[in-house]
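**Q** For the sequence shown, the numbering used here assigns the number 12 to the initial residue and increments by one for each residue that follows.
C-beta: ideal position from N, C-alpha, C; glycine also.
First the structure, then my questions, so here it is.
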Amino acid sequence: MVKYQGKGVYGAIAVGKISVFKRQDIQVERIRIEDTDAEIARLESAKEKAIAQLQEIYEKALKEVGEANAQIFEIHMMMVEDDDYNEAIVEMINVQNVNAEYAVAVTADNFATMFSSMDDSYMQARAADVRDISNRIIACMSVCENINSASNEKVIICADDLAPSETVSLDKDKVLAFVTAHGSSNSHTAILARNMNIPAIIGIGEQFLTQIKDGDTAVADGFTGEFIIDPDSETLSAANLKLEAEAEKKELLEKLKGKENITFDGTKINIYANIGSVDNIGAVLLNDAGGIGLFRSEFLYLESNDYPTEELQVQIYKRVLESMGSKKVIIRTLDIGADKQADYFNLDKEENPALGLRAIRLCLSRPEIFKTQLRALYRASAFGKLGIMFPMITSEWELKEILALCEEVKRELEAEKIVYSDSIELGIMIETPAAAIISDKLAPMVDFFSVGTNDLTQYTLACDRQNPRLERFCDTHHEAVLRLIEISAENAHKHGKWIGICGELAADTTLTETFLRMGIDELSVSPSFVLKVRDTVRKTDLSK
Ligand code: PEP
Ligand code: MG
């Protein structure tokens, strides 16, 4: 038995036989040619074939993983036709009298190096795409076969890395799991694997490929990132137990998927999901959430060593919005400070950080950081159905300043001729008693409220949420907390606005009926709780 540790990018488990992914090995030689026009004609015809293949893959992906995820192949088609890329190839053929395969391979290397050296991680990931399309064009100039040599049995595919087109070209019904030596969890391949609901582990390291062969038995644990070759009987039975537990969960999931969140007597509610990263979108879709009710954008800042640029943020928010298609995505602006610290913010040490310069207070004190995020959000809004919400509000003046900054951002973008959606919903988190108490004043200024019960409990009961010794005193069901939620709901509705709950309490099914009776319109919970809450809603009868 040999154990390898990688990064699980999709939480599921697989036990089965290994199939080592064999890529068609394309050897490109430099050959001197005389008739450059004929060579360029060969290139053009290979590009046409490559586009036809990509169109086919795009249509397959569209059916299997949805439009947002299939889009990468549309991008590949555009890359094949990209002017800069094509001019570089043609120039090389004309100037150096080389064969088209060689010109494509060298151009791919140059472009991939350029992309890899960019600061923006989204652009870095494009290096793999340019290599992928170039290999396809080269293959089309030789044998023009699809790159797919997966075995006929259902197997665990092991590879050094998989290009998005390779991932989606594999017959999903024959793949138990993906395990790769390299890869990043931000790559389209990882996103596709997640959305295909296939356990996936990346970054195992190169040496594993030298120690496996087709037909070896292995366990791929996408929850822990463990990949175990030739497992002993104990490991196998533990894996089988996990498989059984997974199957039970799936059964529930299948039963409730596609069903409405409707009570026995006909009251409907939205059940959305909370996420902290683009990586969680697969779980949101898998669990059939109606949208994203809370995207904790601060994780983007916490994972960085420096302030994420506007450009990087646009790419990330755009990816979340596109992945969710027509479903709503509510992105919460930066909620840093207190327990969420990033060194590069150089925040002063505070005696009571939970009561300190955190969340919106920090954003209003450092408007340059806040405006960068707002600009990124407005720019990304053109790609989906966006809601923006602001954390830790206590006063009307804060909201006035925020709304003024939003207007400023809109004017700037208009002057720069950058499009943004005109139907972005703006909301606030109700997570301080102050906000709940003056919710009648705040409601007319926004489109929605979302109750952050984690902080609302902390601030209402004066209990540090980080302190485990306060558990007994930190009663989330405390009447004071519930009354504040009820007051906020009444005030939201009085002004024709909707109200959701996105704190942990939203997933507490012992309170689902209470929330429904308050008229809460949306519950946003961890993806894995969506179906449990749906189940409870469907069993609730408000007419009694
Ligand atoms: C909350 O306070 O309930 C909330 C959702 O925000 P966070 O847990 O991120 O502070
Ligand atoms: Mg909070």
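To the nearest angstrom, how far is the alpha carbon of H504 from that of L332?
**A** Roughly 27 Å between the two C-alpha positions.
**Q** What are the residues that DSSP puts in a beta bridge with S535?
**A** Y283.
**Q** Within its chain, find whatever has a CB closer than 8 Å to the CB of G269; leave out the 5 residues flanking it on each side and keep chain order.
**A** Cβ within range, chain order: D299.
**Q** Using the rule of at least 16 other Cβ atoms within 10 Å of the residue's Cβ for burial, across every protein chain shown, is I42 buried or exposed?
**A** Exposed, by the Cβ-count rule.
**Q** So L397 and V462 are in contact, right, with Cβ under 8 Å, and what is the actual spacing, rounded?
**A** About 20 Å separates the two Cβ atoms, so there is no contact after all.
**Q** If you follow the alpha helix (DSSP H) that C169 is in, where does it begin and where does it stop?
**A** Here C169 belongs to no alpha helix (DSSP H); instead the beta strand (DSSP E) covers 166-170.
**Q** Thinking just about the alpha-carbon of each residue, which of I29, V91, T178, K28 is nearest to the one in K71?
**A** The shortest Cα separation from K71 among I29, V91, T178, K28 belongs to T178.
**Q** Looking at the structure shown, is L437 part of a helix, part of a strand, or coil, going by DSSP?
**A** Of the three classes helix, strand and coil, the one that applies to L437 here is strand, per DSSP.
**Q** Out of D171, G304, D131, state which residue places its alpha-carbon closest to the alpha-carbon of F459.
**A** Nearest option by C-alpha distance: G304.
**Q** So, using beta-carbon positions, are V91 and K58 closer together than 8 Å?
**A** Yes, they are a contact pair.
**Q** Let me check one thing: in DSSP terms, what residues is L263 bridge-paired to?
**A** DSSP output for L263 lists no bridge partner at all.
**Q** Return the first residue and the last residue of the beta strand (DSSP E) that M129 is part of.
**A** Where M129 is concerned, there is no enclosing beta strand (DSSP E), given that its DSSP letter is neither H nor E.
**Q** Quick check on K428: does DSSP put it in helix, strand or coil?
**A** Three-state DSSP puts K428 in coil, outside helix and strand.
**Q** Taking all protein chains shown into account, decide if L453 is buried (16 or more other Cβ within 10 angstroms of its Cβ) or exposed.
**A** That one is buried.
**Q** Please determine if the segment 479-498 and the segment 532-551 are in contact, where contact requires at least 3 C-beta pairs separated by less than 8 Å.
**A** Touching, no.
**Q** Mark F484 as exposed unless 16 or more other C-beta atoms lie within 10 angstroms of its C-beta, in which case mark it buried.
**A** It is exposed - the Cβ of F484 has fewer than 16 other Cβ atoms within 10 Å.
**Q** Does DSSP classify M400 as helix, strand or coil?
**A** If DSSP states are grouped into helix, strand and coil, M400 belongs with the strands.
**Q** Please report the straight-line C-alpha distance between E524 and A229, rounded to a whole angstrom.
**A** Approximately 45 Å, taken between the alpha carbons.
**Q** Give the list of continuous beta strand (DSSP E) stretches no shorter than 3 residues that lie fully inside the segment 297-368.
**A** List check, beta strand (DSSP E) in window: 302-307, 339-343.
**Q** Tell me the DSSP secondary structure of S461 in three-state form.
**A** Of the three classes helix, strand and coil, the one that applies to S461 here is strand, per DSSP.
**Q** Between F84 and chain D, is any beta-carbon pair separated by less than 8 Å?
**A** You won't find chain D in this structure, because it holds only one protein chain.
**Q** Consider the C-beta atom of T405 and the heavy atoms of ligand 1; say whether any pair is separated by less than 7 Å.
**A** It does not: the Cβ of T405 is nowhere closer than 7 Å to a heavy atom of ligand 1.
**Q** Consider the C-beta atom of G463 and the heavy atoms of ligand 2; say whether any pair is separated by less than 7 Å.
**A** For ligand 2, at least one heavy atom lies less than 7 Å from the Cβ of G463.
**Q** Please list the terminal residues of the continuous alpha helix (DSSP H) segment that includes E621.
**A** This structure cannot speak to residue 621, because the chain is shown only from 12 to 555.
**Q** Any idea what DSSP makes of C155, helix, strand or coil?
**A** Confidence in C155 is poor, its pLDDT being 32 and thus under 50, which makes the residue's placement too unreliable to answer from.
**Q** I'd like to check one pair, M529 with E497: are the Cβ atoms closer than 8 Å?
**A** Yes, the pair counts as a contact, with Cβ atoms nearer than the cut-off.
**Q** Does ligand 1 have even one heavy atom less than 7 Å from the beta-carbon of G398?
**A** G398: no, Cβ never under 7 Å from ligand 1.
**Q** According to the Cβ coordinates, are I149 and A114 closer than 8 Å?
**A** Their beta carbons are not under 8 Å apart, which means I149 does not touch A114 by this criterion.
**Q** Quick one, which of G216, Y312, Q16 has its alpha-carbon nearest Y355's?
**A** The candidate whose alpha carbon is nearest that of Y355 is Y312.
**Q** Assuming contact is defined by CB atoms lying nearer than 8 Å, are I327 and I399 in contact in what I supplied?
**A** It is not a contact, given that the beta carbons lie outside the stated cut-off.
**Q** Who are the Cβ neighbours of D372 in its own chain at under 7 Å, not counting the five residues just before and after it?
**A** The sequence shown places Arg at residue 372, rather than the Asp named in the question. Closer than 7 Å at the Cβ level, and outside the excluded window around R372, lie M403.
**Q** Got a sec: does ligand 3 put a non-hydrogen atom nearer than 7 Å to the Cβ of E442?
**A** Ligand 3 is not part of this structure, which contains only ligand 1 and ligand 2.
**Q** Quick check for students: name the residue ranges of the beta strand (DSSP E) that lie wholly in the segment 462-544, counting only runs of 3 or more.
**A** With a minimum length of 3 residues, the continuous beta strand (DSSP E) runs that stay inside the segment 462-544 are 509-512, 533-536.
**Q** If you compare alpha carbons, which of K14, G511, F32, Q16 is closest to K561?
**A** In the structure as shown, the chain starts at 12 and stops at 555, and residue 561 therefore has no counterpart that could be examined.
**Q** Of the residues E515, V325, T443, which one's Cα is nearest the Cα of H535?
**A** With the sequence shown as reference, residue 535 is identified as Ser, and His is not the correct amino acid for it. When only C-alpha atoms are compared, the closest one is E515.
**Q** What would DSSP say about R549, mapped onto helix, strand or coil?
**A** Three-state result, R549: helix.
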